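The block underneath contains the structure these notes are about, expressed in structure tokens.
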Amino acid sequence: MSVTTETARWPTTAEPRPWITEDWLSVWIGLGIFALALTWLWGFDLLGWVVSTSVWIDPGQALGTFSKTYAQLGGPGALVVTYLALSAVLTAAAKALGLDARRFAAAFTVVFALAYASWMIGSYAYVAVVTPADQQKFGIGWSLKLTNEGGYVVALLVGLVIANFFPRLAEWLKEAIRPELYIKIAIVILGAFLAVTAAGRLTLATSLLWRGIAAIVEAYLIYWAVVYFIARKWFGFNREWAAPLASGISICGVSAAIAVGGAIRARPIVPVMVSSLVVIFAVVEVLILPFLAQSFLWQEPMVAGAWMGLAVKTDGAAVAGGGITESLILAKSAAQGIRYQPGWILGVTATVKVFIDIFIGIWAFVLGYIWTRYINPTHDRARVAEIWHRFPKFIIGFVLTFVVGLGVALGTPTEIGSRLPAAIGEANTFRVIFFVLTFFSIGVLSDFRRLWQEGVGKLAAVYLLSLFGFVIWVGLIISWLFFAGVTPPLAS
Amino acid sequence: MPEPNLQQELQKAPREPLLPVEKKLIGWSLGIGLALLVILLLVNHFVPASL
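For the protein sequence lines, the chains are A and B, in the order given.
Taking our numbering, I'd label the letters of the first sequence as residues 32 to 523.
Taking our numbering, I'd label the letters of the second sequence as residues 37 to 87.
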């Protein structure tokens with residue numbers, strides 16, 4: 032699942048390899064934010080200046096600092112400081128990746144401004160407010176009831192408008208359109224947030240983890256086999272196209288298509304073309320599925336969360352889609368008088384997605400082994416070392432923050448452990464910002480005109496048939512079989 | 037770098053019949069997948085999630 036920068040451009044042959052990958056950078060940046068947030072446990076408030084947005088009717092009341100320690104900054108001040116800090120860190124990251132730092136900084140300024148403005152629009156009371164009590168509080172008679180996480184959808188739509196109507200702007204922004212970097216940083220931070228959520232209900236969290244195994248079986252062994260068969264037998268694709276296509280549709284979008292494309296020694300054009308489609312269809316899914324889940328699965332919140340993880344391809348779209356789904360379902364449940372603890376639905380989506388991601392390297396190796404030994408025998412045979420090479424490293428960061436967070440929650444004196452939710456809440460505010468940046472970036476990468484490019488129709492037909500005729504529904508059935516009847520704990 | 041023409045790329049791609057090794061891969065994947073799902077469902081049934 033994930034979205035990568037390769038989707039933004041066609042690869043060139045002469046580009047030097049950077050000394051660090053986006054994957055590792057996301058681990059270090061995520062861990063850095065987590066570590067700084069943890070200092071709260073010992074009374075230091077190093078990240079409290081981060082900007083947070085409340086539901087608003089008066090724009091002057093929209094923004095604020097996360098912590099009262101920095102309240103004197105005010106909302107606009109917090110926004111500027113947050114921008115400066117993220118810009119500095121991410122520009123340094125861009126330089127480490129061998130990008131033009133100045134161009135990145137300039138493009139990131141626009142990306143951040145548009146993405147955060149979208150987030151603010153999503154928090155406008157007429158967009159976000161859900162309950163009649165809140166409508167009364169804000170003095171409004173109606174609202175779209177999208178919750179404040181509707182800001183993700185706004186960011187996505189703004190990105191889509193840029194991609195499809197302002198291609199020159201999209202091209203200019205491309206240096207800072209890094210959805211894979213943004214979502215991986217967010218997922219590393221998410222590990223800590225989920226640890227705090229899980230610590231309160233360890234038994235439930237453990238049983239949900241076990242159920243995540245079903246997702247691995249489904250994605251790799253069932254989805255892949257069926258989609259590969261459809262692509263080869265019904266649509267006549269050759270193996271070089273069918274294997275990355277099946278991986279993109281069934282496993283985890285772009286990462287899987289690229290990993291498998293490399294493993295079977297396909298030409299770079301193949302996974303790159305598949306990746307373009309993955310992003311476009313992920314956008315379509317994320318604009319539809321969370322709302323379907325709210326309408327039909329609001330009484331089965333965990334089924335909805337697992338469904339997002341299984342059906343939406345690309346890490347960014349899936350995990351952020353899980354966030355939207357959680358928000359919509361919590362809102363609908365609250366309107367019915369049921370108040371669930373937040374974090375569980377998103378937690379299931381993230382668990383399912385991370386479990387699937389873990390095996391990308393192994394699956395790519397298995398296919399590489401079969402291809403280079405039996406299908407296209409070559410001296411350049413698949414090596415076991417490729418499993419590590421293709422392993423998504425951000426998962427290490429996710430596991431680290433989860434384990435450390437859980438350890439602090441369960442293994443420290445109450446006076447320290449009780450400060451953990453606030454500390455992680457601070458880091459989580461950055462996670463939300465990285466989610467918004469991801470959504471905006473996915474939108475900017477989704478040039479729907481590609482669908483009209485000659486030859487894409489056949490690829491899109493396989494994708495359309497497999498995704499909407501099989502993957503989504505089988506994902507729903509499996510989610511139902513394993514998660515039906517399991518509900519998040521009620522909020523106290 | 038100009039974008040490659042996808043239609044030409046797909047037309048250039050030779051038609052390849054399913055090899056026995058591919059049929060085995062599809063069959064074994066589905067077989068193992070369905071068997072594991074049944075086992076997991078049984079585990080799920082006998083060890084239900086609890087708060």
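Note that the Cβ used here is the ideal one computed from N, Cα and C, for glycine as well.
Just so we're clear, the structure is a prediction, and the values are computed from it rather than from any experiment.
Cross-strand partners of Val-185/A (DSSP beta bridge): Locating residue 185/A in the first sequence gives position 154, where the first residue counts as 1. Beta-bridge pairing links Val-185/A to no other residue.
Unbroken alpha helix (DSSP H) run spanning Thr-356/A, endpoints: Position 325 of the first sequence, counted from the start, is the residue given in the question as residue 356/A. Here the alpha helix (DSSP H) through Thr-356/A covers 346-366.
Interface partners of Lys-489/A on chain B, CB under 8 angstroms: On the first sequence, position 458 is the one that residue 489/A refers to. Going along chain B in sequence order, the residues near Lys-489/A (Cβ under 8 angstroms) are Leu-46.
Residue range of the beta strand (DSSP E) that includes Thr-96/A: Start at 1 with the first residue of the first sequence, and residue 96/A comes out as number 65. Run containing Thr-96/A: 94-96, per the beta strand (DSSP E) assignment.
Buried or exposed (CB count within 10 angstroms, at least 16 for buried), Leu-320/A: Here the question's residue 320/A lines up with position 289 in the first sequence. By the 10 Å Cβ count, Leu-320/A comes out buried.
Short-range partners of chain B found in the stretch 254-275 of chain A, where Cβ spacing is below 8 angstroms: Across the stretch 254-275 of chain A, CB contacts with chain B closer than 8 angstroms involve Trp-255, Ala-256, Val-257, Tyr-259, Phe-260, Arg-263, Lys-264, Gly-267, Phe-268, Asn-269, Arg-270, Glu-271 and Trp-272, in sequence order along the chain.
Rounded separation between Val-227/A and Gly-368/A - CA only: Taking the first residue of the first sequence as 1, we reach residue 227/A at position 196. Taking the first residue of the first sequence as 1, we reach residue 368/A at position 337. Those two C-alpha atoms are separated by around 25 angstroms.
Candidates Ala-217/A, Ile-508/A and Ile-393/A: closest to Leu-12/B by CA position: Chain B is shown only over 37 to 87; residue 12/B falls outside these bounds and no answer can be derived.
Alpha carbon of Phe-433/A to alpha carbon of Lys-344/A, nearest angstrom: To locate residue 433/A, count along the first sequence from 1; it is residue 402. To locate residue 344/A, count along the first sequence from 1; it is residue 313. Pairing Phe-433/A with Lys-344/A, the inter-Cα distance amounts to about 23 angstroms.
Thr-469/A - containing alpha helix (DSSP H), residue span: The count along the first sequence starts at 1 and reaches residue 469/A at position 438. Here the alpha helix (DSSP H) through Thr-469/A covers 451-476.
Neighbour flag for Ala-39/A against chain B, beta carbons, 9 angstroms: Indexing the first sequence from 1 puts residue 39/A at position 8. Reliability of the predicted coordinates at Ala-39/A is poor, the pLDDT of 37 falling under 50, and the value obtained from them is presented with this limitation in mind. Taking Cβ atoms only, chain B never reaches closer than 9 angstroms to Ala-39/A, which makes this a no.
Cα-Cα separation, Ala-39/A to Arg-480/A: Your numbering for residue 39/A matches position 8 in the first sequence. Your numbering for residue 480/A matches position 449 in the first sequence. Low per-residue confidence applies at Ala-39/A: pLDDT is 37, beneath 50, and the placement is therefore not dependable, though the value from the model is reported in the following sentence. When rounded, the separation of the alpha-carbon atoms in Ala-39/A and Arg-480/A is 14 angstroms.
7 angstroms CB neighbourhood of Ala-14/A in its chain, flanking five on each side removed: In the structure displayed, chain A extends from 32 to 523; residue 14/A sits before or after that span and is not available.
Interface residues of the stretch 243-254 of chain A facing chain B [CB-CB below 8 angstroms]: The stretch 243-254 of chain A vs chain B, Cβ under 8 angstroms: Ile-244, Ala-245, Val-248, Glu-249, Tyr-251, Leu-252 and Ile-253.
Separation of Phe-268/A from Ala-49/B, as counted between CA atoms: Counted from its first residue, the second sequence places residue 49/B at position 13. Counted from its first residue, the first sequence places residue 268/A at position 237. The alpha-carbon atoms of Ala-49/B and Phe-268/A are separated by roughly 8 angstroms.
Ser-364/A burial status per 10 Å Cβ neighbour count (16 or more: buried): Start at 1 with the first residue of the first sequence, and residue 364/A comes out as number 333. Per the 10 Å Cβ criterion, buried.
Below-9 angstroms beta-carbon distance, Gly-293/A vs any chain B residue: For this step, residue 293/A is matched to residue 262 along the first sequence. No, because no Cβ of chain B sits closer than 9 angstroms to the Cβ of Gly-293/A.
Identity of the residue in Val-439/A, Ser-497/A and Glu-457/A nearest Ser-524/A by Cα: This structure gives no information on residue 524/A, because the portion of chain A shown stretches from 32 to 523.
Beta-carbon gap between Val-158/A and Gly-129/A smaller than 9 angstroms: Translated into the one-based positions of the first sequence, residue 158/A becomes position 127. Translated into the one-based positions of the first sequence, residue 129/A becomes position 98. In this structure, Gly-129/A does not lie closer than 9 angstroms to Val-158/A by Cβ.
Same chain, Cβ closer than 6 angstroms to Leu-29/A, neighbours up to 5 away in sequence not counted: Lying before the first or after the last residue shown, residue 29/A is absent from chain A, which here runs from 32 to 523.
Distance between Asn-459/A and Ala-297/A (C-alpha atoms, nearest Å): Sequence index remark: in the first sequence, residue 297/A carries index 266 (1-based). Sequence index remark: in the first sequence, residue 459/A carries index 428 (1-based). Whole-angstrom Cα-Cα distance: 39 angstroms.
Nearest candidate by alpha-carbon position, reference Gly-108/A, set Val-161/A, Thr-84/A, Ala-453/A and Ile-360/A: Working through the first sequence from its first residue, we reach residue 108/A at position 77. Selected option, being the one with the closest Cα: Thr-84/A.
Separation of Lys-264/A from Lys-59/B, as counted between CA atoms: Counted from its first residue, the second sequence places residue 59/B at position 23. Counted from its first residue, the first sequence places residue 264/A at position 233. In a straight line, the C-alpha of Lys-59/B is about 11 angstroms away from that of Lys-264/A.
Under the three-state DSSP convention, the category Thr-84/A falls into: Taking the first sequence and counting its residues from 1, the one referred to as residue 84/A is at position 53. Of the three classes helix, strand and coil, the one that applies to Thr-84/A here is strand, per DSSP.
Contacts of Tyr-512/A in chain B (Cβ-Cβ under 7 angstroms): In the first sequence, residue 512/A corresponds to position 481, counting from 1. Rather than Tyr, the amino acid found at residue 512/A in this sequence is Leu. Here the neighbours are Leu-77.
Any chain B beta carbon closer than 9 angstroms to Ile-509/A: Here residue 509/A corresponds to residue number 478 of the first sequence, with the count starting at 1. Yes - at least one Cβ of chain B is within 9 angstroms of the one on Ile-509/A.
Chain-ordered neighbours of Ile-406/A on chain D, where CB pairs are closer than 9 angstroms: The structure shown contains no chain D; the protein chains it does contain are A and B.
Length of the line joining the Cα atoms of Asn-195/A and Gly-67/B: Position 164 of the first sequence, counting from 1, holds the residue named residue 195/A. Position 31 of the second sequence, counting from 1, holds the residue named residue 67/B. When the Cα atoms are used, Asn-195/A and Gly-67/B turn out to be separated by approximately 43 angstroms.
Residue-chain proximity (Ile-401/A, chain B), Cβ-Cβ < 9 angstroms: In the first sequence, counting from the first residue as 1, residue 401/A sits at position 370. Ile-401/A has a beta carbon lying within less than 9 angstroms of a beta carbon in chain B.
Nearest to Glu-249/A (by Cα), restricted to the options Ile-406/A, Ile-282/A, Leu-276/A and Trp-241/A: Indexing the first sequence from 1 puts residue 249/A at position 218. Glu-249/A has its Cα closest to that of Ile-282/A, out of Ile-406/A, Ile-282/A, Leu-276/A and Trp-241/A.
Cα-Cα separation, Ala-279/A to Val-305/A: To locate residue 279/A, count along the first sequence from 1; it is residue 248. To locate residue 305/A, count along the first sequence from 1; it is residue 274. A quick correction: the sequence has Gly, not Ala, at residue 279/A. In this structure, the alpha-carbon of Gly-279/A lies about 7 angstroms from that of Val-305/A.
Under the three-state DSSP convention, the category Leu-521/A falls into: The residue given as residue 521/A occupies position 490 in the first sequence. When secondary structure is reduced to three states using DSSP, Leu-521/A falls in the strand class.
From Trp-80/A, Leu-239/A and Met-151/A, residue whose alpha carbon lies closest to that of Ile-376/A: Sequence index remark: in the first sequence, residue 376/A carries index 345 (1-based). The shortest Cα separation from Ile-376/A among Trp-80/A, Leu-239/A and Met-151/A belongs to Leu-239/A.
Three CB pairs or more closer than 8 angstroms across the stretch 211-218 of chain A and the stretch 491-499 of chain A: Because the criterion of three Cβ pairs below 8 angstroms is not met, the stretch 211-218 of chain A and the stretch 491-499 of chain A do not touch.
Bridge-paired residues (DSSP) for Tyr-155/A: Here the question's residue 155/A lines up with position 124 in the first sequence. Paired residue(s): Trp-87/A.
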